[in-house]
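Terminal number for the sequence shown in this note's numbering: 335, no gaps in between.
Ideal Cβ positions, reconstructed from N, Cα and C, are used throughout, including at glycine.
Right, one structure below, let's go through it.
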Amino acid sequence: MKIEVWSDYVCPFCYIGKRHLEEALEKFPQRDKVEIEFKSFELDPSAPVNTENSIQEILAKKYGTSLEQAQNMTDRMSQQALTVGLDFRFDTNIPTNTFDAHRLTKYAKTKGKEADLTEILLHAHFTLSKHIGDKGTLSELAKHAGLDEKEALAVLNGEDFSQDVRMDEDEARQIGVQGVPFFVINRKYAISGAQPSDVFLNSIQKVWEEENQTSPLQPLGTEGMACDENGCEVPNSKE
97 MKIEVWSDYV CPFCYIGKRH LEEALEKFPQ RDKVEIEFKS FELDPSAPVN TENSIQEILA
157 KKYGTSLEQA QNMTDRMSQQ ALTVGLDFRF DTNIPTNTFD AHRLTKYAKT KGKEADLTEI
217 LLHAHFTLSK HIGDKGTLSE LAKHAGLDEK EALAVLNGED FSQDVRMDED EARQIGVQGV
277 PFFVINRKYA ISGAQPSDVF LNSIQKVWEE ENQTSPLQPL GTEGMACDEN GCEVPNSKE
């Protein structure tokens with residue numbers, strides 16, 4: 097089973113949704129048969145790498161609210177994050193552009209470190225208040241994921257993996273992704289948003305059962321004579 101996850105590193109619901117998915121997978125007996133692939137999605141491709149504005153100021157401008165109302169929004173988000181064991185620190189959060197972070201994740205994927213770096217980047221942004229738009233910071237975080245720091249910095253200083261990010265974003269548009277997180281299971285079912293873990297678990301179980309049922313056919317009558325991998329058994333004749 098394959099689960100594709102479109103998300104962005106500055107999206108709080110993406111981190112919460114990731115935890116909900118992980119909670120569901122912990123309860124799924126065939127967890128080792130599930131492959132997770134993270135897909136790139138930029139909430140604001142035009143966002144500057146560096147800004148003097150706080151996340152509250154950005155939210156207030158975006159939604160046309162007061163700073164106090166924006167603060168209440170981030171406070172509520174922090175409370176929700178605590179329910180899944182996450183510590184969001186919006187007062188020291190550093191808003192930035194995430195294109196390079198996505199490029200770095202594509203590089204990490206070639207080294208088998210995609211999942212590790214994804215978690216590290218989300219934690220760095222929301223809990224450690226790291227500047228994940230800064231190339232130096234990103235290369236240091238890559239080192240924590242087990243990647244070569246100098247090699248990571250070389251990737252960031254060039255244009256490598258830019259097309260990979262754009263392909264993910266183009267694909268998102270093609271399948272109708274309008275917000276993240278967005279989860280696609282076996283290219284058959286889609287889950288939009290940070291749904292409760294039970295929704296993920298029920299969906300995963302449903303897909304697993306459908307994909308692994310032995311036959312969609314309903315049997316009619318009793319089993320007749322047949323051959324299988326063990327040969328052909330001739331039944332005893334009735335007297």
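Counted within 10 angstroms of its Cβ, other Cβ atoms place residue i as buried (16 or more) or exposed
i      : result
Cys107 : buried
Ala156 : buried
Gly272 : exposed
Lys142 : One point to set straight first is that residue 142 is Ser, not Lys, in the sequence displayed. Ser142 should be labelled exposed.
Gln152 : buried
Asp264 : buried
For residue i, the residue or residues it bridges with in DSSP
i      : result
Trp102 : Lys135, Phe278
Ala143 : None, per the DSSP bridge assignment.
Ser288 : Phe278
Under 8 Å between C-beta atoms of residue i and residue j
i      : j      : result
Val295 : Ile281 : no
Leu217 : Ile228 : yes
Thr223 : Arg172 : no
Leu163 : Arg115 : no
Glu247 : Lys239 : no
Val130 : Phe279 : no
Ala211 : Leu243 : no
Thr188 : Ser225 : yes
Pro277 : Ser150 : no
Lys284 : Ala241 : no
Gln301 : Phe124 : yes
Integer-rounded CB distance, given that residue j should sit under 8 Å from residue i
i      : j      : result
Leu252 : Asp196 : 6 Å
Tyr105 : Thr179 : Not quite, the Cβ-Cβ distance comes to about 21 Å (not below 8 Å), so this is no contact.
Leu297 : Ala177 : About 21 Å; that fails the 8 Å criterion.
Using 8 Å as the Cβ pair cut-off and three pairs as the minimum, do the stretch 198 to 214 and the stretch 256 to 271 touch?
yes
Pairs of beta-carbons, one from the stretch 166 to 182 and one from the stretch 123 to 141, closer than 8 Å: are there three or more?
no
How about the stretch 276 to 290 and the stretch 98 to 112: do they share at least three Cβ pairs that are nearer than 8 Å?
yes
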